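Here is the structure we will look at.
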Amino acid sequence: MDFDLEELVNVEQTFYEEGYKDGFAHGRIHGLIEGRALGREKGFEMWEELGFYEGFAMMWKAVLESEATQDERTTNHIGHLLALIAQFPRVNPSATSGGPEVDIPKLFRQIRSRYKLLCSTLGVRPTMRAADGSSLSLSPERESGANPPSAGSREGGEKAHGARRNVWAVHPPGDSLASTELNF
15 MDFDLEELVN VEQTFYEEGY KDGFAHGRIH GLIEGRALGR EKGFEMWEEL
65 GFYEGFAMMW KAVLESEATQ DERTTNHIGH LLALIAQFPR VNPSATSGGP
115 EVDIPKLFRQ IRSRYKLLCS TLGVRPTMRA ADGSSLSLSP ERESGANPPS
165 AGSREGGEKA HGARRNVWAV HPPGDSLAST ELNF
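15 is the number of the first residue of the sequence shown in the numbering used here; add one for each residue after it.
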């Protein structure tokens with residue numbers, strides 16, 4: 015029997031190196047898969063927020079254009095917010111080379127700040143609620159048209175400070191919305 019004592023002495027190091035190579039290859043494959051999934055999720059969240067800001071600004075722009083008195087300060091904030099949103103890259107900047115580098119977190123902070131300024135000018139509370147599947151389904155109380163008693167209501171019908179109140183009527187699917195008006 016021939017034994018190579020050098021190999022026997024380094025057997026632990028050999029197994030460690032083989033395990034490291036296998037683990038590295040496996041981690042690289044799964045890291046790419048998980049990275050894509052996480053990037054897709056975070057990208058969706060960012061664009062959901064940007065879409066909210068853009069819709070908010072465009073709606074208030076239309077409201078201000080329909081009014082007789084123009085508020086130059088509010089119009090300026092709306093214009094800046096829409097310009098910042100237009101600067102936000104529509105494609106993955108790391109995948110396309112040659113273009114100017116965009117600091118996405120900095121631009122996102124500027125957009126959020128401009129949105130808060132616009133809300134302050136309008137006298138509106140700045141909110142951004144993430145959409146989830148539960149808001150799409152109607153509860154049995156709402157389907158029947160009954161108003162459940164809220165925990166924030168006081169005697170005499172007054173709302174407690176901080177209690178939520180419904181701003182837009184929620185209609186079950188299939189109802190005609192012809193009688194619904196929007197008043198600004």
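Beta carbons are placed, not taken as given, at the ideal position from N, Cα and C, and that holds for glycine.
Just so it is clear, the structure is predicted and the values come from calculations on it, not from any experiment.
With 16 other Cβ atoms within 10 Å as the buried cut-off, status of residue i
| i | result |
| --- | --- |
| L52 | exposed |
| I47 | exposed |
| P163 | Unreliable positioning characterises P163 in this predicted model, as indicated by a pLDDT of 44, which lies under 50. The coordinate reading is nonetheless provided below. Classification of P163: exposed, given that the 10 Å Cβ count is below 16. |
| H175 | Because the pLDDT of H175 is 49, which lies under 50, any placement of that residue in the model is unreliable, and the question is left without a value. |
| L19 | exposed |
| H40 | exposed |
| W74 | buried |
| R54 | exposed |
| R128 | buried |
Where the alpha helix (DSSP H) through residue i begins and ends
| i | result |
| --- | --- |
| N90 | E86 to Q101 |
| A82 | Element bounds for A82: n/a, residue is neither H nor E. |
| V105 | Neither: V105 is in no alpha helix (DSSP H) and is coded neither H nor E. |
| P140 | Where P140 is concerned, there is no enclosing alpha helix (DSSP H), given that its DSSP letter is neither H nor E. |
| E20 | L19 to V23 |
Contacts around residue i, its chain only, beta-carbon distance under 8 Å, and the 5 residues preceding and following it disregarded
| i | result |
| --- | --- |
| I99 | L64, Y67, E68, A71 and I125 |
| E21 | T28 |
| R87 | T135 |
| R139 | C133 |
Sequence-distant residues of the same chain with beta carbon closer than 6 Å to residue i, five excluded per side
| i | result |
| --- | --- |
| P103 | V116 |
| T141 | none |
| H91 | L131, L132 and T135 |
| L96 | A71 |
Beta-carbon contacts of residue i that lie in its chain and below 7 Å, excluding the five residues immediately before and after
| i | result |
| --- | --- |
| Q84 | L78 |
Review point. With a cut-off of 8 Å, do at least 3 Cβ pairs link the stretch 121-141 to the stretch 59-75?
Key: The answer is yes - the stretch 59-75 touches the stretch 121-141, with three or more Cβ pairs under 8 Å.
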